[in-house]
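Number of protein chains: 4
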Amino acid sequence: EKHCLVILRIVCFLLEKDTRSTSIQAADSTAINGSITPTDKRIGFLGLGLMGSGVVSNLLKMGHVVTVWNRTAEKCDLFIQEGARLGRTPAEVVSMCDITFSCVSDPKAARDLVLGPSGVLQGIRPGKCYIEMSTVDPETITELAQVITSRGGRFLEAPVSGSQQLSNDGMLVIVAAGDRSVYEDCSSCFQAMGKTSFFIGEAGNAARMMLILNMVQGSFMATIAEGLTLAQATGQSQQTFLDILCHGQMASTFVDQKCQNILQGNFKPDYYLKHIQKDLRLAISMGDSVNHPTPMAAAANEVYKRAKALDQSDNDMSAVYRAYIH
Amino acid sequence: EKHCLVILRIVCFLLEKDTRSTSIQAADSTAINGSITPTDKRIGFLGLGLMGSGVVSNLLKMGHVVTVWNRTAEKCDLFIQEGARLGRTPAEVVSMCDITFSCVSDPKAARDLVLGPSGVLQGIRPGKCYIEMSTVDPETITELAQVITSRGGRFLEAPVSGSQQLSNDGMLVIVAAGDRSVYEDCSSCFQAMGKTSFFIGEAGNAARMMLILNMVQGSFMATIAEGLTLAQATGQSQQTFLDILCHGQMASTFVDQKCQNILQGNFKPDYYLKHIQKDLRLAISMGDSVNHPTPMAAAANEVYKRAKALDQSDNDMSAVYRAYIH
Amino acid sequence: EKHCLVILRIVCFLLEKDTRSTSIQAADSTAINGSITPTDKRIGFLGLGLMGSGVVSNLLKMGHVVTVWNRTAEKCDLFIQEGARLGRTPAEVVSMCDITFSCVSDPKAARDLVLGPSGVLQGIRPGKCYIEMSTVDPETITELAQVITSRGGRFLEAPVSGSQQLSNDGMLVIVAAGDRSVYEDCSSCFQAMGKTSFFIGEAGNAARMMLILNMVQGSFMATIAEGLTLAQATGQSQQTFLDILCHGQMASTFVDQKCQNILQGNFKPDYYLKHIQKDLRLAISMGDSVNHPTPMAAAANEVYKRAKALDQSDNDMSAVYRAYIH
Amino acid sequence: EKHCLVILRIVCFLLEKDTRSTSIQAADSTAINGSITPTDKRIGFLGLGLMGSGVVSNLLKMGHVVTVWNRTAEKCDLFIQEGARLGRTPAEVVSMCDITFSCVSDPKAARDLVLGPSGVLQGIRPGKCYIEMSTVDPETITELAQVITSRGGRFLEAPVSGSQQLSNDGMLVIVAAGDRSVYEDCSSCFQAMGKTSFFIGEAGNAARMMLILNMVQGSFMATIAEGLTLAQATGQSQQTFLDILCHGQMASTFVDQKCQNILQGNFKPDYYLKHIQKDLRLAISMGDSVNHPTPMAAAANEVYKRAKALDQSDNDMSAVYRAYIH
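Chains as they are written, first to last, in the numbering used here: chain P, 29 to 354; chain D, 29 to 354; chain W, 29 to 354; chain A, 29 to 354.
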């Protein structure tokens with residue numbers, strides 16, 4: 029079966045090669061030949077959560093020089109053992125590095141990291157690069173871009189589509205926007221962490237795109253949970269439901285993994301339920317700002333709120349399943 | 029690229045072989061070696077719509093003896109040229125054949141076909157097999173099973189998950205329930221029309237399962253349309269949105285095809301919008317009967333109703349997109 | 029305060045007199061002078077539930093000759109003590125009476141009562157009047173009207189807007205449609221049971237109108253529950269919320285009574301939760317048949333389904349409150 | 029009819045007297061005897077929109093000394109003719125007055141008014157009272173309370189439930205919270221503008237309460253529009269629907285006025301559609317912050333967003349009707 033997976037990956041890669049446009053960087057060369065040439069720029073990384081941990085691991089593995097910082101410092105230890113350096117504050121990391129990435133949980137955390145005491149802004153000097161990887165709203169990105177560039181810094185946003193697993197595997201999909209030269213300078217980093225990366229114009233665009241992607245993912249997850257629970261409620265086998273689903277046109281890694289986990293009662297966070305709910309909220313609000321109705325996302329958001337009330341915030345998004353059975 | 033697809037198909041087949049349980053018939057042997065041994069039973073087929081046409085074509089291609097009937101008789105001509113015989117009424121088809129399939133649009137049509145004048149029931153004799161392929165509610169299946177068996181007939185329901193394209197390609201996923209011996213007698217038919225078939229117990233189960241699958245599909249379709257339109261409303265490229273989506277975990281044939289069609293403004297019906305709305309309605313109503321909330325399906329249903337009011341009933345389900353831009 | 033209520037009632041009556049069109053029968057003369065002249069026709073009544081009981085009581089009080097039947101016969105005893113006669117079957121009641129009313133729980137019950145063994149239809153003879161008071165879908169009304177009139181019977185539908193309390197008080201609002209002469213023959217009955225009655229054309233119209241009214245009521249009830257629970261969740265006094273609500277433009281008997289009951293934890297059925305959910309379902313389905321989106325009703329329906337899953341079916345509709353706190 | 033209305037108002041007043049708790053100020057004495065004793069404090073008023081205009085008018089009528097300011101200065105002229113003084117900036121108004129009210133459109137406007145250049149904060153000195161009447165989110169209130177009191181000012185929030193009509197009639201319902209002594213100092217002002225006022229504790233509570241009330245009102249309005257349009261779509265008379273509705277338990281000033289206006293095609297703003305949508309959004313977001321699902325409000329919000337996309341923002345909230353017919 030493992031052999032098949034390798035063939036499958038190659039086939040997928042070839043297929044993509046043919047059909048995808050040139051604006052996409054085939055970042056996943058690592059998946060094929062296992063090596064990239066790391067940039068000699070000093071890399072900083074702020075935030076070692078579900079996504080950040082995998083990213084830093086892959087940066088180190090591919091030979092990057094990385095300085096890390098995390099709100100709770102203990103999480104840094106593991107990476108220091110793997111060769112990372114320790115920064116005592118966000119400001120210090122930025123001062124020590126050429127390019128600093130951050131990956132935190134929500135708009136408030138992203139803003140505090142930059143604007144707070146000993147924050148990123150204290151370390152920004154002309155030429156320094158700052159890359160915001162957190163999924164936040166476009167207004168936050170615009171604000172951060174402004175304060176960074178007003179100090180002479182260079183700003184890129186680069187939120188990722190994926191999960192802890194994909195982050196660990198270096199298979200994230202990266203959507204970047206802002207200063208194109210930063211995007212190019214980071215080339216080896218994005219290759220280390222991701223399967224593919226996209227550059228889509230001015231700062232704010234990646235936030236918009238990522239919120240919409242996560243809105244679709246969050247709504248789909250709720251829909252799958254609704255299907256699985258309705259199967260059970262009507263006396264059908266959930267496993268058979270999943271089998272049929274995975275034989276049809278809708279078959280995808282996402283459906284397969286989330287359903288398997290649900291059936292095994294495994295809600296270990298791959299992407300926090302509270303974060304997908306935040307993304308839904310921000311996407312709905314973005315729709316609000318352009319008078320675009322989003323009834324599916326609105327319905328999904330309410331289901332996730334119920335799941336949060338059932339104490340599922342820190343479980344995987346698939347724990348929305350529990351909102352349907354309680 | 030074509031070569032890759034062949035490899036991919038083999039890989040998928042091998043992967044499935046390993047991981048799927050024995051209750052599933054690997055109906056897609058045709059995909060590999062291109063031949064099956066057709067049953068020598070005389071096959072009847074009632075209803076030559078989007079799905080029925082492809083099925084009959086494949087039955088004939090694989091050497092079955094098929095008698096067809098359709099409400100508007102002209103549609104039969106093409107199949108007669110391909111070797112089918114013509115039945116003048118549903119009753120006559122059933123009389124002439126050992127096993128009769130029907131594939132019509134909704135519960136009312138399915139019921140009328142059986143119970144109406146010159147209907148199926150008039151032709152049922154002990155031993156005759158009747159296979160209902162239409163996606164209807166479980167109550168209708170139970171009722172049809174009862175009347176057919178009360179005349180000595182043998183009943184199987186076998187709704188399919190798929191589209192016109194998959195039907196033409198003989199790649200449908202078949203979910204069957206009812207009389208297992210009928211399921212086995214039809215083996216070569218299911219191989220001719222489908223990629224895989226499942227047998228899941230007593231009559232009504234397949235209807236339940238199929239309604240849930242279509243509910244998930246209908247809700248997902250609406251979610252995708254919501255994402256695509258929100259992308260546009262916020263100034264993002266829909267093509268890029270699709271590219272990113274298709275590089276991530278949610279990538280699937282369904283997402284790819286539906287989005288491509290939408291971006292090309294191609295709403296030629298592969299599965300009628302009015303039919304997916306009917307399926308959503310029936311699934312919601314099934315949830316109602318077991319007091320199971322289905323807020324995602326309820327939201328989706330309202331979006332499809334808006335699309336119907338915009339005259340999209342006879343377009344493909346992807347035309348739900350238009351409910352978001354008008 | 030009681031004195032004030034009398035003034036208020038007079039004021040309301042005067043106000044209505046002035047502003048309402050002539051198609052409305054001021055049925056509530058009883059509220060003013062306490063007496064009406066009962067018809068000398070023999071009245072039958074099938075179904076002594078929450079609504080039926082109050083109606084029969086008032087019919088008897090105003091001097092009508094009434095024969096009653098109920099599925100569980102014990103419920104008849106009380107009315108027999110008040111002067112009613114007992115019919116052994118629906119057919120017998122119809123045979124014994126000139127005008128027979130029925131008031132049961134849902135379309136299936138209404139249909140069974142007419143078409144079942146010893147049903148209404150067995151007793152229908154030319155000239156017999158049959159009045160369907162149950163809130164059902166228009167299709168059921170059309171079907172019943174057809175079978176009754178095909179036997180020479182005269183058909184009227186007369187669903188009511190109200191509650192057990194209003195039924196007991198003879199303050200229902202009656203919406204009638206069908207055979208106008210039946211409506212006129214029943215004049216004294218409607219005066220006995222109702223505050224006002226409307227005649228709105230051909231059979232089916234009253235069902236449509238009543239479903240829409242109940243849809244609005246059901247959605248409003250869910251909205252009120254949502255407000256009360258959000259008040260609590262955000263640390264506000266529910267009593268103060270109610271006080272403010274009742275001082276504003278939205279103040280109504282409905283808001284006041286339902287909120288008071290909720291705050292007292294009193295969910296004794298005035299109108300069954302399962303019945304308002306059924307009404308929502310039928311209204312949504314009616315919207316479906318004309319491609320009219322009803323997103324508010326769809327959302328409300330899901331909340332009621334959750335309440336049903338929490339075992340609130342036989343409580344008052346206000347128990348939808350519990351869907352928000354569990 | 030006019031006579032009846034007077035009786036009705038008295039009756040209502042008497043009824044309220046009996047049943048309401050002591051924490052409510054019977055502000056509507058003016059409705060009975062037409063006079064109050066105005067405070068001799070100098071009153072400032074910022075914002076002469078739909079609500080502010082009526083309030084200022086009534087403050088002047090009842091003998092208050094009022095200084096006004098509005099973003100577009102022309103709107104002040106009318107009030108200057110009625111005896112108001114003109115302030116050139118918010119800061120100047122606050123400097124010139126003891127108690128300053130503000131009534132603007134949304135959280136951003138409220139914040140800018142206080143914190144912006146020549147804003148309220150510039151004029152705040154120890155002892156100055158500032159009363160925020162705008163309906164905003166509790167976070168904004170908390171923030172404003174903090175900055176005002178940090179300068180020695182005294183803060184009260186006093187959002188109102190009502191409409192332009194009620195504002196003109198001095199019949200608003202006022203919900204106040206914050207500094208109780210300010211509430212008492214304003215007694216004559218609240219009597220001039222309102223029917224009743226409530227004091228409900230610490231700053232933020234009134235915002236919470238008002239958002240919930242408006243959420244209920246906004247959802248109910250959407251529900252009514254849904255009912256009216258479904259009536260039409262199913263061939264029923266909208267006028268008859270309204271007549272029946274107004275004879276039942278749900279009858280209220282709100283239902284009556286909104287429906288009459290809709291039937292007359294009159295969407296002149298009494299409360300802006302864009303403002304009720306903003307209130308829904310803020311209420312949903314408040315629910316979000318306490319993990320409380322608000323599916324009805326979420327559905328309503330989407331309908332209002334559709335109405336906004338149809339260019340109904342500056343019409344009355346009842347124009348949500350148009351979202352159902354386009």
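Beta carbons are placed, not taken as given, at the ideal position from N, Cα and C, and that holds for glycine.
How is the beta strand (DSSP E) around alanine 204(W) delimited, first residue to last?
-> Stepping through the third sequence from its first residue, residue 204(W) is reached at position 176. It spans 200-206 - the beta strand (DSSP E) in which alanine 204(W) sits, taken as one unbroken run.
Neighbourhood of arginine 208(P) by C-beta, 8 Å cutoff - its chain only, sequence neighbours within 5 removed = On the first sequence, residue 208(P) is found 180 positions in, with the first residue counted as 1. Excluding positions up to five away in sequence, the list reads Phe227.
Under a CB-based cut-off of 7 Å, is arginine 334(W) close to chain D?
-> Mapped onto the third sequence, residue 334(W) falls at position 306. Yes, its Cβ sits closer than 7 Å to a Cβ of chain D.
In terms of residues, what are the limits of the beta strand (DSSP E) holding phenylalanine 107(P)?
-> As a first step, residue 107(P) must be located in the first sequence, where it is residue number 79. Not the beta strand (DSSP E): phenylalanine 107(P) falls in the alpha helix (DSSP H), residues 102-109.
Residue interval of the alpha helix (DSSP H) (run including glycine 315(D)) = The residue you call residue 315(D) lines up with position 287 of the second sequence. Start and end: 301-317.
What did DSSP end up calling phenylalanine 333(P) once you bin it into helix, strand or coil?
-> For the purposes of this step, residue 333(P) is taken as the residue at position 305 of the first sequence. Residue identity check: residue 333(P) is lysine in the sequence provided, not phenylalanine. In the structure shown, lysine 333(P) adopts helical secondary structure according to DSSP, grouped into three states.
For phenylalanine 282(A), does the three-state DSSP call read helix, strand or coil?
-> Counting from 1 along the fourth sequence, the entry for residue 282(A) is found at position 254. Helix, per DSSP.
The alpha helix (DSSP H) enclosing arginine 350(D), as first and last residue numbers | The residue labelled residue 350(D) in the question sits at position 322 within the second sequence. Unbroken alpha helix (DSSP H) run through arginine 350(D): 349-353.
Boundaries of the beta strand (DSSP E) in which leucine 74(W) is found, first to last residue | Mapped onto the third sequence, residue 74(W) falls at position 46. DSSP places leucine 74(W) inside the beta strand (DSSP E), whose first and last residues are 71-74.
In whole angstroms, what is the alpha-carbon distance linking asparagine 319(P) and tyrosine 352(W)?
-> The residue given as residue 319(P) occupies position 291 in the first sequence. The residue given as residue 352(W) occupies position 324 in the third sequence. In this structure, the CA atom of asparagine 319(P) is about 29 Å from the CA atom of tyrosine 352(W).
Would the beta-carbon of glycine 255(D) fall within 7 Å of that of valine 244(P)?
-> Counting from 1 along the second sequence, the entry for residue 255(D) is found at position 227. Counting from 1 along the first sequence, the entry for residue 244(P) is found at position 216. With respect to valine 244(P), glycine 255(D) sits close: the two C-beta atoms are nearer than 7 Å.
If you draw a straight line from the C-alpha of glycine 232(P) to the C-alpha of glutamine 266(D), how long is it?
-> The residue you call residue 232(P) lines up with position 204 of the first sequence. The residue you call residue 266(D) lines up with position 238 of the second sequence. Taking the straight line from one Cα to the other gives about 16 Å.
With 16 other Cβ atoms within 10 Å as the buried cut-off, status of lysine 296(W) = Counting from one through the third sequence, the residue named residue 296(W) turns up at place 268. Counting Cβ neighbours within 10 Å, lysine 296(W) comes out exposed, since fewer than 16 surround it.
Taking only beta carbons into account, state which residues of the region 196-215 of chain A come closer than 7 Å to chain E, listed in chain order.
-> Here the protein chains are P, D, W and A, and chain E is not one of them.
Using Cβ-Cβ distances below 7 Å, what residues of the region 281-313 of chain W are close to chain D?
-> Those residues of the region 281-313 of chain W that come within reach of chain D (Cβ to Cβ, closer than 7 Å) are Arg309.
Local conformation of serine 215(W) per DSSP, three classes | Taking the third sequence and counting its residues from 1, one reaches residue 215(W) at position 187. DSSP places serine 215(W) in the helix class (H, G or I) of the three-state scheme.
Completely contained alpha helix (DSSP H) runs for the region 234-275 of chain P, where each covers 4 or more residues | For the region 234-275 of chain P, whole alpha helix (DSSP H) runs of length 4 or above, ordered along the chain, are 266-275.
Between the region 218-229 of chain P and chain D, which residues of the former have a C-beta closer than 8 Å to a C-beta of the latter?
-> Under the 8 Å Cβ criterion, the region 218-229 of chain P contributes Lys223, Thr224, Phe226, Ile228.
Cα separation between isoleucine 272(P) and valine 203(D)?
-> Residue numbering aside, residue 272(P) sits at position 244 when the first sequence is read from its first letter. Residue numbering aside, residue 203(D) sits at position 175 when the second sequence is read from its first letter. Rounded to whole angstroms, isoleucine 272(P) to valine 203(D) spans 8 Å at the Cα level.
State the Cα-Cα distance for the pair histidine 275(D) and aspartate 344(D), rounded to the nearest angstrom.
-> By one-based count along the second sequence, residue 275(D) stands at place 247. By one-based count along the second sequence, residue 344(D) stands at place 316. Straight-line Cα distance between these residues: approximately 25 Å.
Does the region 86-94 of chain W come close enough to the region 295-309 of chain W to have 3 or more Cβ pairs within less than 8 Å?
-> No, the region 86-94 of chain W is not in contact with the region 295-309 of chain W.
For serine 130(A) versus glycine 82(A), is the C-beta distance shorter than 7 Å?
-> Taking the first residue of the fourth sequence as position 1, residue 130(A) is located at position 102. Taking the first residue of the fourth sequence as position 1, residue 82(A) is located at position 54. In this structure, glycine 82(A) does not lie closer than 7 Å to serine 130(A) by Cβ.
Kindly say whether asparagine 242(P), judged by its beta-carbon, lies nearer than 7 Å to any beta-carbon of chain A.
-> For the purposes of this step, residue 242(P) is taken as residue 214 along the first sequence, with counting starting at 1. Asparagine 242(P) does not count as touching chain A.
Output the distance between the C-alpha atoms of serine 146(A) and tyrosine 158(A), rounded to the nearest integer angstrom.
-> Taking the fourth sequence and counting its residues from 1, one reaches residue 146(A) at position 118. Taking the fourth sequence and counting its residues from 1, one reaches residue 158(A) at position 130. Near 15 Å, if we compare the C-alpha coordinates of tyrosine 158(A) and serine 146(A).
Compare the C-alpha of alanine 235(A) against each of Gln193(A), Ala138(A), Pro66(A), Gly77(A) and name the closest.
-> Reading the fourth sequence from its first residue, position 207 is the one you call residue 235(A). Considering only alpha carbons, the answer is Ala138(A).
Could you give the residue range of the beta strand (DSSP E) that holds threonine 65(W)?
-> One-based indexing of the third sequence puts residue 65(W) at position 37. For threonine 65(W), there is no enclosing beta strand (DSSP E), as DSSP gives it neither H nor E.
When Cβ atoms are compared, which residues of the region 78-111 of chain D fall closer than 8 Å to chain W?
-> Per Cβ criterion, the list is empty.
Within its chain, find whatever has a CB closer than 6 Å to the CB of aspartate 284(P); leave out the 5 residues flanking it on each side and keep chain order.
-> What you label residue 284(P) is simply residue 256 of the first sequence in a count that begins at 1. Once the five neighbours on either side are set aside, the close Cβ partners of aspartate 284(P) are Cys274.
Who does threonine 224(A) pair with in a DSSP beta bridge?
-> The count along the fourth sequence starts at 1 and reaches residue 224(A) at position 196. Bridge partners of threonine 224(A): Val201(A).
Report the neighbours of phenylalanine 323(W) on chain A: residues whose CB is nearer than 7 Å to its CB, in chain order.
-> By one-based count along the third sequence, residue 323(W) stands at place 295. Here residue 323(W) is proline; the residue named in the question, phenylalanine, does not match the sequence. Within chain A, the residues Ala327, Glu330, Val331 have their CB atoms less than 7 Å from the CB of proline 323(W), given in chain order.
Whole-angstrom Cβ separation of lysine 286(A) and aspartate 342(A), contact assumed at under 8 Å?
-> For the purposes of this step, residue 286(A) is taken as residue 258 along the fourth sequence, with counting starting at 1. For the purposes of this step, residue 342(A) is taken as residue 314 along the fourth sequence, with counting starting at 1. Not really, about 17 Å apart at Cβ, beyond 8 Å.
What residues are listed by DSSP as bridge partners for arginine 113(A)?
-> In the fourth sequence, the residue the question calls residue 113(A) occupies position 85. Arginine 113(A) pairs with Thr95(A).
For alanine 328(D), which option in Ala337(D), Ile304(D), Cys214(D), Asp298(D) has the closest C-alpha, if you only look at C-alpha atoms?
-> Residue 328(D) sits at position 300 when you count from the first residue of the second sequence. Alanine 328(D) has its Cα closest to that of Ile304(D), out of Ala337(D), Ile304(D), Cys214(D), Asp298(D).
Pull up the distance between the alpha-carbon of phenylalanine 282(D) and that of glutamine 193(P), whole angstroms please.
-> Locating residue 282(D) in the second sequence gives position 254, where the first residue counts as 1. Locating residue 193(P) in the first sequence gives position 165, where the first residue counts as 1. Cα-Cα distance, rounded: 24 Å.
On the DSSP bridge assignment, give the partners of serine 189(D) in chain order.
-> The residue you call residue 189(D) lines up with position 161 of the second sequence. Beta-bridge analysis with DSSP links serine 189(D) to Val201(D).
Mind checking glutamine 264(D): buried by the 16 CB within 10 Å criterion, or exposed?
-> Here residue 264(D) corresponds to residue number 236 of the second sequence, with the count starting at 1. Looking at its Cβ environment, which holds 16 or more other Cβ atoms inside 10 Å, glutamine 264(D) is buried.
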